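Heads up: the protein sequence lines correspond to chains A and B, in order. Plus 211 on top of the position in the first sequence (first one is 1) and you've got my numbering. Plus 10 on top of the position in the second sequence (first one is 1) and you've got my numbering. Beta carbons are placed, not taken as given, at the ideal position from N, Cα and C, and that holds for glycine. Computed from a predicted model, the values in this text were never measured in an experiment. Below you'll find the structure, written out as C-alpha cells, and then a few comments.
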Amino acid sequence: MFDLPVLQARNPIIRWSYFVDEWDQIQAALQQHIELTVIAMAIGIVVSSALAGVALRYAWSLPPITAFSSFLYTIPSVALFGLLVPYTGLSRTTAVIPLASYTLLVLVTSIVDGFRAVPAEVRDAADGMGLTPRQRVLQVELPLALPYIVTGLRIATVSTVGLVTVAAIIGQGGLGRLILDGLRRAFWTPMTIGASLSIVLALLLDAATYGAGRVAMPWARRGRAS
Amino acid sequence: MTEQPAIRLDQVSKRFPGSEVEAVRSLSLDIPRGSIVALIGPSGCGKTTTLRMINRLIEPTGGRIEIEGVDVTSRAATELRRGIGYVIQQVGLFPHRTIAQNIATVPKTLGWDRARVDARVEELAELVGLEAEMLDRYPDELSGGQQQRVGVARALAADPPVLLMDEPFGAVDPIVRGRLQDELLALQTRVHKTIVLVTHDIDEAVKVADRIALLNVGGILEQYASADELLRTPANAFVEEFVGEDRGMKRLTLRLVSDLIVTDGAVVDAEADRSAVPPVLRAANSDWFGLTQDGRFLGWVSRQDYEAQPSTALADLPRALPAAQVTPDSTLRRAMEVIMTSDTSTAVVDDGGRFGGVVTLEQIRAGLAAPEGS
Ligand SMILES: Nc1ncnc2c1ncn2[C@@H]1O[C@H](COP(=O)(O)OP(=O)(O)O)[C@@H](O)[C@H]1O
Ligand SMILES: [Mg+2]
Numbered sequence: 212m213f214d215l216p217v218l219q220a221r222n223p224i225i226r227w228s229y230f231v232d233e234w235d236q237i238q239a240a241l242q243q244h245i246e247l248t249v250i251a252m253a254i255g256i257v258v259s260s261a262l263a264g265v266a267l268r269y270a271w272s273l274p275p276i277t278a279f280s281s282f283l284y285t286i287p288s289v290a291l292f293g294l295l296v297p298y299t300g301l302s303r304t305t306a307v308i309p310l311a312s313y314t315l316l317v318l319v320t321s322i323v324d325g326f327r328a329v330p331a332e333v334r335d336a337a338d339g340m341g342l343t344p345r346q347r348v349l350q351v352e353l354p355l356a357l358p359y360i361v362t363g364l365r366i367a368t369v370s371t372v373g374l375v376t377v378a379a380i381i382g383q384g385g386l387g388r389l390i391l392d393g394l395r396r397a398f399w400t401p402m403t404i405g406a407s408l409s410i411v412l413a414l415l416l417d418a419a420t421y422g423a424g425r426v427a428m429p430w431a432r433r434g435r436a437s
Numbered sequence: 011m012t013e014q015p016a017i018r019l020d021q022v023s024k025r026f027p028g029s030e031v032e033a034v035r036s037l038s039l040d041i042p043r044g045s046i047v048a049l050i051g052p053s054g055c056g057k058t059t060t061l062r063m064i065n066r067l068i069e070p071t072g073g074r075i076e077i078e079g080v081d082v083t084s085r086a087a088t089e090l091r092r093g094i095g096y097v098i099q100q101v102g103l104f105p106h107r108t109i110a111q112n113i114a115t116v117p118k119t120l121g122w123d124r125a126r127v128d129a130r131v132e133e134l135a136e137l138v139g140l141e142a143e144m145l146d147r148y149p150d151e152l153s154g155g156q157q158q159r160v161g162v163a164r165a166l167a168a169d170p171p172v173l174l175m176d177e178p179f180g181a182v183d184p185i186v187r188g189r190l191q192d193e194l195l196a197l198q199t200r201v202h203k204t205i206v207l208v209t210h211d212i213d214e215a216v217k218v219a220d221r222i223a224l225l226n227v228g229g230i231l232e233q234y235a236s237a238d239e240l241l242r243t244p245a246n247a248f249v250e251e252f253v254g255e256d257r258g259m260k261r262l263t264l265r266l267v268s269d270l271i272v273t274d275g276a277v278v279d280a281e282a283d284r285s286a287v288p289p290v291l292r293a294a295n296s297d298w299f300g301l302t303q304d305g306r307f308l309g310w311v312s313r314q315d316y317e318a319q320p321s322t323a324l325a326d327l328p329r330a331l332p333a334a335q336v337t338p339d340s341t342l343r344r345a346m347e348v349i350m351t352s353d354t355s356t357a358v359v360d361d362g363g364r365f366g367g368v369v370t371l372e373q374i375r376a377g378l379a380a381p382e383g384s
C-alpha cells in the first residue's frame, strides 16, 4: 500500500526540535488517540455487559456469544475497515466499530467469569435476607465480580490503545498518524514519538485502571486472618 | 382451643421440576411461638427444602405455610424475607463488606437512619459476643466461629420474630460448636424468637431444641416430640435407630439433678459427738459419711478412718479429696460420672455451699423411668 523509503542510518532516532515545531500536531494526535480509545472502550463495555447479562441469564447462550466474539476478534483490523468503508465511510464510526468489537471477547469472558465466581452461599444469603434481584446484583455480585472485571478491562484497554494506531490509515488521526507520517517521510522522529506516546498512554491507562480497582476493592487489600 | 402457632405447615409438598418423587410430601407441622424446633433426619430427607419453603426461597408445589396465621404467599417474597432471620452453614457473609456493614444489611434495606443502624449494630455485637474492634474488619479476617456469630447477628438485625437456621454450626470444630450452641441457648433466653433449626446431629437437636421433628426421606414426619419423649418412647423402629442405641444415656444430658428426689444420706454435723456416726452409717448402709457445719457441706469421711482413730474429733478426721459433689443444675450425666468415678457417696451442694442430700444411681434410674416434668 505504501512505498516505504529506506530509512537512512544517519537519520536520528529523535530530533528534539520536532517537539517544539510540531507540538500542536502531537497534542492533537494524542487527544484523538485518547478519544478513540475511550469511545471504543465505552461502547465495548456497554455491549459486553449486555451480552454477559444474557449469557448469565441463559446459560445456553454463552457458547454462541463467545463464538461470535472470538470470530470478531479474528478478523484483521485492516480488513474490517475495508469492509465497513462502503457503509460508514472514512469516519470515526468506521474506526470505532472494529476497536469496540475487539474488546468484546475479553470483556464478556471476564464479566461472566466474575459473576460465576461469586460464592453460591453469598448469593443465597443475599436472597434470604430479602434483597431484590437488582439489589443483589448491584450491591453484592458486581463488587465481588470486580477482580475479574478489572483484569479484563486492563487487558482490553492496553490492546485498544495499541490498535487505535491503525485507525490512522482511514484518516481518523491518533498517534498512528505520526507513525504513518514518519514512515512516509522516512523520518524516525514522529515514529518514535507516536510509538512511545502510545506505549506510555497504554501503561498510564493500565495503571489508572489498576489503581481504580484497588480503590474500589478495599476488602481485597487486607491481609487474611490465619 | 390452643394458642396459634408462630409457623404452621399445612400438608406442604414440594416436587422439584424434572423429579419423579416429592422431596417433601404432605408435611404438617405447628411450630409454637418462642420455641426452638429442630428439623432432623438423614441426608436428603428434605430438611433444607422445608426450611427454605418457609421464607419462599423455594416455592411449595402443594399445601400452605402460615406465619402468625398469615399465608406466606400473600406478601412479596423479598418483603417476607426481611422479616425472617436466615442463617446458613457456610454463613455467606458478604466478603466485600465489613462486619458492621454485613450486620446492617437488612436494616439498611429497610431504610433505617444511620444512627439507628449504628446503635443496633453495636447492640447485636454485644448480644452475640463479638468484640467491638471486630466490627471494622472484613469477614476473611475472622475465625469460623466469629463468622458464624456475625451470621447470627446479621439474621437478628431487624429483630425478626422468626429465625431459620440451616445447620448453622456444622462447619466449625466440635469445641466451638458446643460453645455456639450454649450461646444460642443463652441468646434465646433474651430474645425469645421462634427458631427452626435444621441439623443432622441428634446430640445438637437434643441439646438445643424444645421440640424435635424427625423426618424420613421424602420429608415424611416420623415423630414430632420433645427431646425427652423422642428418646424415651421412639414412635417406631426408624426413630429408634436414628436416635441411637445410647438414647438412655442421651436422656441423662436432658435431666438435672434438681429433677430428682434425693435422700438425706449418711451425714452428721462436724460438732456432733462421735457416737452419732454408727447409727447413721447403719441406716444408710454406707461406708462413708458426710460432714456438715451449719448446713454447709465439708466433705466425706470413711468408716475405716473413723474406726482407726477412736479419739479424734469428727471435725479433725481426714476427708476424701476432692469431695464428690454435684450442683442441683448439674445434668444427670455429670452426676453419673461423679458417682462412677468416686469411692465415696456423692453430695448435692448448691452454689452457696449448702448440703442438699446425696444422689445415687438408684435415684437416677428412677428419675429416667418417668417422663420429663412429671
Ligand atoms: N434445587 C433442587 N432441584 C432438584 N432436586 C433438589 C433440589 N434441592 C434439593 N433437591 C432434592 O430434594 C431432596 C431433599 O433435599 P434437601 O432438602 O436439601 O435435603 P436435606 O437438607 O435434608 O439434606 C434431595 O433428594 C435433593 O436431591
Ligand atoms: Mg440440607
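Per DSSP, cross-strand counterpart(s) of residue i
i              : result
N226 (chain B) : B:I230
G300 (chain B) : B:V277, B:W310
F365 (chain B) : B:V359
V47 (chain B)  : B:V206, B:R221
A356 (chain A) : A356 (chain A) is not bridged to any residue.
E23 (chain B)  : Looking at the sequence shown, residue 23 (chain B) is not Glu but Ser. S23 (chain B) is bridged to B:G72.
T341 (chain B) : B:L266
A235 (chain B) : B:I222
I17 (chain B)  : B:I41, B:I77
Ligand 3 heavy atom lying under 7 Å from the CB of residue i
i              : result
V208 (chain B) : Ligand 3 is absent from the structure shown, which contains only ligand 1 and ligand 2.
Closer than 7 Å: residue i CB and nearest ligand 1 heavy atom
i              : result
F299 (chain B) : no
G51 (chain B)  : yes
F248 (chain B) : no
G367 (chain B) : no
F252 (chain B) : no
S288 (chain A) : no
A33 (chain B)  : yes
G305 (chain B) : no
G54 (chain B)  : yes
S29 (chain B)  : yes
F26 (chain B)  : yes
Within-8 Å CB hit, residue i to chain B
i              : result
Q242 (chain A) : no
M340 (chain A) : yes
L355 (chain A) : yes
A419 (chain A) : no
T371 (chain A) : no
V265 (chain A) : no
V289 (chain A) : no
V351 (chain A) : yes
W234 (chain A) : no
Closer than 7 Å: residue i CB and nearest ligand 2 heavy atom
i              : result
K57 (chain B)  : yes
D335 (chain A) : no
D176 (chain B) : yes
Start-to-end residues for the beta strand (DSSP E) that takes in residue i
i              : result
S38 (chain B)  : 34-41
M175 (chain B) : 172-176
Y96 (chain B)  : 94-98
R329 (chain B) : Looking at the DSSP string, R329 (chain B) is not in any beta strand (DSSP E), and its letter there is neither H nor E.
Segment limits, alpha helix (DSSP H) that includes residue i
i              : result
Q111 (chain B) : 109-113
I380 (chain A) : I380 (chain A) -> no alpha helix (DSSP H), and no H or E assigned at all.
L166 (chain B) : 154-166
R375 (chain B) : 371-379
V307 (chain A) : 303-327
S228 (chain A) : 228-232
Neighbour flag for residue i against chain A, beta carbons, 8 Å
i              : result
F104 (chain B) : yes
Q373 (chain B) : no
L67 (chain B)  : yes
Q100 (chain B) : yes
V201 (chain B) : no
R91 (chain B)  : yes
T209 (chain B) : no
T204 (chain B) : no
T88 (chain B)  : yes
Residue-chain proximity (residue i, chain D), Cβ-Cβ < 8 Å
i              : result
Q346 (chain A) : Considering every chain present, this structure includes no chain D. Its protein chains are A and B.
What are the residues in the segment 308-336 of chain A lying within 9 Å of chain B by C-beta distance? P330, A331, E332, V333, R334, D335, A336
What residues in the segment 18-52 of chain B bring their beta carbon closer than 7 Å to a beta carbon of chain A? none
Can you give me, in chain order, the residues of the segment 105-116 of chain B that have a beta carbon less than 7 Å from any beta carbon in chain A? P105, H106, T115, V116
Using a Cβ cut-off of 7 Å, which residues of the segment 148-181 of chain B contact any Cβ in chain A, in chain order? Y148, D150, E151, L152, S153
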